[in-house]
Structures are given as structure tokens and as C-alpha cells.
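Visitor: In the working numbering, the protein residues as written are 562 to 729.
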DNA sequence: AAAGTGATCATG
DNA sequence: ATGATCACTTTG
């Protein structure tokens, strides 16, 4: 079944582990669909999370994080890699789940490249009509909780949070 | 271990 | 207008 905006309106802290095993679907320019099961995620939660892009408030870039859950947040990292996040939670509260890996591609930059997701997908609602959506086939894989990667600029307590989730 | 790469945001 | 910074990957 296709996951809806209502599903994505739950908190990122819940959805990051919950999305493991779900299937990202992307319609390519050639009109075929690429599918891959999520194997690793991280959550970024609110302005109070010093690792979250919205920790310094609303800007042109972070505006999309304040949407109601169920839209894509894609941004260019290190000048080379498009990183794909799913915005979650209620409107007005900035939070998202970063897709760090899918079956067939580990690492957030590689996963987006593998799926064919680019900055052109930024702000798009996640549904089949927009060519980018997520399906649940009932899989509930076991996972482990780890600290987030690449956030050395965040406060020590935020760095210590177990907000990365990885399928065993 | 270190470079490569460019949008973004804060500063002047 | 300028410069530091960066939720990474590849190569050695």
C-alpha cells in the first residue's frame, strides 16, 4: 500500500525506525519505476536539534522542513551529492528523516543517485502522481540504533542521540 | 588521510 | 560581494 500524508505526519523520531523496510519508488524520465527498500535512516527533529538544518530557523532552504509531513526535502551536499529526506510531522514543526541507505546502495549520496532522485524533486509531495512515493508491504525488519553521522558541528548531547536506525 | 565540489547563509 | 561551511564519496 502507498503511504500517505497522514502516515508521514507522525514524529520523525517514530518514523525514522518505522520507515525501515518500506519501499521507495521513483518514476524515471523513461517512465519506468525504480524501487528500493530502505535499510538505513536518521531523524532530524525540530529547531532544538542543533544537528537539524532548521536549528537556525526558517530560511529559503529550510522552509520546506516546516511543511506538513509527506513531502521531499532534497539538497546538495558538499557540492556533489543530492541527499534525500522525507519531511515528517505537523505543519509548522521542522523535522525530517534522512534516507541513508537502500538495498543496493549504502550511503545517502549513493542511495539518491541509485534511485534517480535529484534536487528537482525538492518540495514534491510523496505520491504516485508526482512520480515519487513510498510503499509498505508489511516488512518489519529488525534494526539497531546508532548515533548520527557527519554532525560534528552539533552539541555534544545532540551528537549522542541514538537517532540513526539501521537494518540488521 | 585528504581532496573535490558548489549552493547556501551570515557577514561586511 | 565574499568566504566559511557542509547530514559525502572516492582515491591513495
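From the three backbone atoms N, C-alpha and C, an ideal C-beta is built for every residue, glycine too.
None of these values were measured; they are calculated from a predicted model.
Which one or two residues does DSSP pair with residue 645 in a beta bridge?
Guide: According to DSSP, residue 645 bridges with 635.
Visitor: Starting from the N-terminal side, write out each stretch of the beta strand (DSSP E) that is 3 residues or longer and does not extend beyond the segment 645-713.
Guide: 656-663, 693-696, 704-707, all fully within the segment 645-713.
Visitor: Using 8 Å for Cβ pairs, my map puts residue 652 next to residue 628. What's the rounded Cβ distance?
Guide: Confirmed, Cβ separation roughly 6 Å.
Visitor: Is it right to say residue 643 is buried, meaning 16 or more other beta carbons lie within 10 angstroms of its own, or is it exposed?
Guide: Classification of residue 643: buried, given that the 10 Å Cβ count is 16 or more.
Visitor: Rounded to a whole number of angstroms, what is the C-alpha to C-alpha distance between residue 604 and residue 723?
Guide: Going by the C-alpha atoms only, they are around 9 Å apart.
Visitor: DSSP puts residue 726 in a beta bridge; with which residues?
Guide: Answer is 602, 706.
Visitor: Short of 6 Å in beta carbon distance, which residues of its chain neighbour residue 594, apart from the five on each side in sequence? Order them along the chain.
Guide: For residue 594, where only same-chain residues beyond five positions count, the Cβ hits under 6 Å are 586, 588.
Visitor: Taking residue 613 as part of the beta strand (DSSP E), name the residues at either end of that continuous run.
Guide: Premise fails: residue 613 is in no beta strand (DSSP E) and is neither H nor E.
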